[in-house]
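If you read the sequences in order, they're chains A and B.
Just so you know, we're using the working numbering here: the first sequence kicks off at 14 and counts up by one.
Just so you know, we're using the working numbering here: the second sequence kicks off at 14 and counts up by one.
Beta carbons are placed, not taken as given, at the ideal position from N, Cα and C, and that holds for glycine.
Number of protein chains: 2
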Amino acid sequence: MSIGLPQRETNPELPSRVTIYEVGPRDGLQNEKAVVPAAVKAEFIRRLAAAGLETIETTSFVPPAWVPQLADAREVLADLGDLGRGPRRPVLVPNERGLDDALEAGVGAVAIFGSATETFARKNLNRTVAESLDMFAPVVARAKDAGLWVRAYVSMCFGDPWEGPVPIGQVADVAQRLMDLGADQLSLGDTIGTGTTGHVSRLLDALDARGIGTDQIGVHFHDTYGQALANTMTALRHGVTVVDSSTGGLGGCPYAKSATGNLATEDLVWALDGAGVQTGVDLAALVETSVWMAGHLGRPSPSGVVRALAGG
Amino acid sequence: MSIGLPQRETNPELPSRVTIYEVGPRDGLQNEKAVVPAAVKAEFIRRLAAAGLETIETTSFVPPAWVPQLADAREVLADLGDLGRGPRRPVLVPNERGLDDALEAGVGAVAIFGSATETFARKNLNRTVAESLDMFAPVVARAKDAGLWVRAYVSMCFGDPWEGPVPIGQVADVAQRLMDLGADQLSLGDTIGTGTTGHVSRLLDALDARGIGTDQIGVHFHDTYGQALANTMTALRHGVTVVDSSTGGLGGCPYAKSATGNLATEDLVWALDGAGVQTGVDLAALVETSVWMAGHLGRPSPSGVVRALAGG
């Protein structure tokens with residue numbers, strides 16, 4: 014006996030509509046042990062779109078040696094055709110080479126992946142933070158010239174497994190420099206899931222003080238320490254309207270062993286449906302998609318909503 | 014590589030201090046399949062107290078046929094001695110017979126367990142809501158006469174697996190009648206974990222309108238749909254300062270098949286430590302206790318913090 018939809022009780026502190034930026038096919042599958050065939054990935058994205066997710070990061074043009082799980086980016090996009098193109102189907106590109114591949118595939122949006130800390134920049138990009146910004150500058154410039162929408166991730170915004178605490182001013186510096194390059198949107202990443210609510214408020218305030226408003230910001234929380242939804246709701250109360258999440262709670266971070274998956278899209282949709290916030294998502298269709306994908310991955314979804322509704 | 018404590022960034026919206034009402038030994042163990050020996054239960058409670066938890070619901074004087082997991086209440090309390098007595102060691106009592114047993118055992122506090130819905134009252138207490146209040150009246154009166162502190166749980170406040178939505182006015186009616194009996198504190202239970210943030214605010218507002226302020230209220234969220242911490246933080250922003258949680262996320266609800274465990278105390282402490290809210294709890298000692306108890310239960314803890322810190 015389970016309840017399929019939450020009791021609707023409006024929360025006037027929240028925006029009336031939230032855009033879910035679905036990262037399951039990219040951030041999710043990139044960090045799963047099982048390598049999923051390109052045709053399954055394309056079908057996953059089709060199902061996500063059919064369930065009402067309007068913005069979906071589809072894949073990544075990184076060297077296959079770095080991320081073998083997404084080595085089939087071309088195939089996935091070819092399979093998707095027009096459904097994989099346009100400004101609401103970003104692909105991750107680490108550098109100009111990746112941008113070339115993305116442009117060749119005909120995408121309409123790209124995302125770059127910066128770091129708030131030196132250690133993670135070194136481990137993830139083999140560069141200092143400053144060097145990585147130099148690398149991103151022509152990527153953003155050329156993408157904008159080509160008419161693409163550009164998102165800039167900032168990872169390790171709320172803590173770094175090697176460095177520990179990350180000063181808010183340091184995060185704001187990196188964020189500002191990425192926006193100065195010409196990015197359209199920031200995504201503030203709690204890559205290892207250690208952030209808490211006051212931290213979220215303070216970082217948003219610090220960015221606001223630098224002229225980066227909540228209309229330019231998405232939030233990206235991992236649920237490693239069980240904090241993802243509470244932090245997300247805090248950001249929404251501050252006026253953020255873009256939230257990254259992963260259907261079924263897929264994914265994690267291969268560079269931080271302790272990290273488990275992203276905030277599950279289903280748990281987010283439950284929270285927003287209950288609070289009367291529009292997302293456009295059909296929760297039942299999404300849960301069905303997670304169950305289908307769990308079959309391909311050979312493990313149950315960690316999402317509470319998926320487990321409750323699918324009896325997993 | 015994991016971070017043992019969150020980065021401290023004060024959240025001024027929250028109370029400066031929160032009382033954690035630990036329900037692991039009662040609500041948690043009551044709903045675990047494994048039956049834990051009395052000596053292990055007593056040791057669990059001693060470890061929780063040593064980790065800084067000041068309020069611990071120790072056990073339940075219900076008929077053993079109803080809850081065989083807690084049939085050893087006398088033994089546990091005898092083992093604990095003075096550590097199991099006083100106003101911050103409540104035991105659950107369903108009726109006058111349970112109160113007699115509790116008084117004989119020398120406890121200093123009791124909790125009764127009401128229902129916001131007729132269906133759950135029937136299934137849990139074999140009575141209508143009105144009949145259950147009649148049953149509780151002499152329990153509360155006699156407990157107060159004996160100088161005990163009395164808590165009143167209200168279950169199914171945010172949804173009922175058989176009835177679906179539960180009107181807020183109906184919950185407030187039951188809550189008010191329990192307080193009118195003379196209870197010192199209410200605990201608002203999201204027994205099946207379906208509640209969302211706007212719902213929490215509205216229920217607290219409805220109780221406030223009836224003169225039941227946040228100083229008389231504890232909140233009790235189950236994490237079945239991943240909403241427990243977000244809902245708890247909402248209640249804290251409203252001024253609630255008592256939160257029920259279960260070390261390691263033990264427990265659930267045997268009457269609602271879909272329900273998994275309570276909010277994990279560790280995940281709550283992480284959220285509060287990070288936000289600069291005092292709890293008095295030593296997180297590392299608590300995680301160690303959860304790992305120890307997981308060994309006795311034969312299953313890993315579902316708590317994110319426990320998994321992250323203990324590498325489970």
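Nearest chain A C-beta to I16/B closer than 8 Å, yes or no?
So yes, I16/B belongs to the interface.
Rank D158/A, C170/A and L138/A by C-alpha distance to the C-alpha of G195/A and give the top, closest one.
Cα-wise, what sits closest to G195/A is D158/A.
Below 7 Å between beta carbons is the criterion; list the residues of the region 226 to 253 of chain A that meet it against any residue of chain B, in chain order.
Correct list: D236, T237, Y238, G239, Q240, L242, A243 and M246.
For P174/A, does the count of other Cβ atoms within 10 angstroms reach 16, so buried, or fall short, so exposed?
The residue is buried, with at least 16 neighbouring Cβ atoms inside 10 Å.
Go ahead and pull the three-state DSSP assignment for V300/B.
Three-state result, V300/B: helix.
Using CA coordinates, which residue listed in G119/A, S314/A, G262/A and R215/A is at the minimum distance from P156/A?
First, the amino acid is wrong: residue 156/A is Ala here, not Pro. Closest by alpha carbon: G119/A.
Under 8 Å, with one C-beta from each stretch per pair, do the region 140 to 154 of chain B and the region 103 to 117 of chain B reach the 3-pair mark?
Segments in contact, yes.
Closer than 7 Å, Cβ to any Cβ of chain B: which residues of the region 115 to 148 of chain A, in chain order?
Residues passing the 7 Å Cβ filter: none.
Pull up the distance between the alpha-carbon of Q183/A and that of A143/A, whole angstroms please.
Each residue's alpha carbon lies about 12 Å from the other.
Quick one: is H58/A near chain B, going by C-beta distance under 8 Å?
The sequence shown places Ile at residue 58/A, rather than the His named in the question. No, its Cβ sits nowhere closer than 8 Å to a Cβ of chain B.
Quick check: the Cα distance between G274/B and H235/B, rounded to an integer number of angstroms?
Answer to the nearest angstrom: the Cα atoms are 6 Å apart.
Check whether the Cβ atoms of A122/A and R135/A lie closer than 8 Å to each other.
For A122/A and R135/A, no; Cβs fall outside 8 Å.
Do you know how far the Cα of G261/B is from the Cα of P315/B?
Those two C-alpha atoms are separated by around 7 Å.
Spell out a yes or no on whether the region 287 to 297 of chain B and the region 22 to 40 of chain B are touching, meaning 3 or more CB-CB pairs, one atom from each, closer than 8 Å.
Cβ pair count under 8 Å is three or more, so yes.
Going by DSSP in three states, H309/B sits in which element: helix, strand or coil?
Of the three classes helix, strand and coil, the one that applies to H309/B here is helix, per DSSP.
Hey, could you find the ends of the beta strand (DSSP E) R164/A is sitting in?
R164/A -> beta strand (DSSP E) spans W162 to S168.
Check whether the Cβ of R215/B lies closer than 8 Å to any Cβ atom in chain A.
By this cut-off, R215/B is an interface position.
Quick one, which of N139/A, M148/A and T141/A has its alpha-carbon nearest I6/A's?
Missing from the structure shown is residue 6/A; chain A here goes from 14 to 325 and no further.
Excluding the 5 residues preceding and the 5 following P25/B in the sequence, name in chain order all residues of the same chain whose CB lies nearer than 7 Å to its CB.
Hits under 7 Å: none found.
Mind checking which residues open and close the alpha helix (DSSP H) that includes S145/A?
Unbroken alpha helix (DSSP H) run through S145/A: V142 to D158.
Hey, does V300/A have any beta-carbon neighbour from chain B nearer than 8 Å?
So no, V300/A is outside the interface.
So H212/B is in the alpha helix (DSSP H); what residue range does that whole segment cover?
Run containing H212/B: T210 to A222, per the alpha helix (DSSP H) assignment.
Are there 16 or more other CB atoms within 10 angstroms of the CB of A129/A, so buried, or fewer, so exposed?
Under this definition A129/A is a buried residue.
Evaluate the contact criterion for the region 83 to 92 of chain A versus the region 296 to 313 of chain A: three or more CB pairs, one atom per stretch, below 8 Å.
No, the region 83 to 92 of chain A does not touch the region 296 to 313 of chain A.
Using the rule of at least 16 other Cβ atoms within 10 Å of the residue's Cβ for burial, across every protein chain shown, is G160/B buried or exposed?
Exposed is the call here.
Pull the bridge partners of R59/A from the DSSP assignment, please.
Answer is none; R59/A lacks a bridge partner.
When the Cα atoms are used, what is the spatial distance from L249/B to T207/B?
Going by the C-alpha atoms only, they are around 18 Å apart.
Mind reading off the beta-carbon distance from T68/B to L93/B? Whole number of angstroms is fine, and I expect it under 8 Å.
About 14 Å separates the two Cβ atoms, so there is no contact after all.
When you compare only the Cα positions, how much space is there between A243/A and R215/A?
Rounded to whole angstroms, A243/A to R215/A spans 15 Å at the Cα level.
Which residues in the same chain as L299/B place their Cβ atom closer than 7 Å to its Cβ, once the five residues preceding and following it in sequence are excluded?
A64, T260, T278, E279 and V282, listed in sequence order.
Under the three-state reduction of DSSP, which class applies to A272/B: helix, strand or coil?
Here A272/B scores only 44 on pLDDT, less than 50, and its place in the model should not be relied on; the value that follows carries that caveat. Three-state DSSP puts A272/B in coil, outside helix and strand.
Can you have a look at P81/B and say buried or exposed, based on whether 16 or more other CB atoms are within 10 angstroms of its CB?
Exposed, since its Cβ has fewer than 16 Cβ neighbours within 10 Å.
Just to confirm, are T237/A and A288/B a CB contact at a threshold of 8 Å?
Contact flag unset, no.
State the start and end residues of the unbroken beta strand (DSSP E) segment that holds V232/B.
Per DSSP, V232/B belongs to the beta strand (DSSP E) from I230 to F234.
Provide the residue span of the alpha helix (DSSP H) that contains V319/B, from first to last.
Element bounds for V319/B: G317 to A323.
Could you spell out the range, first to last residue, of the alpha helix (DSSP H) harbouring Q183/A?
Residues I181 to D193.
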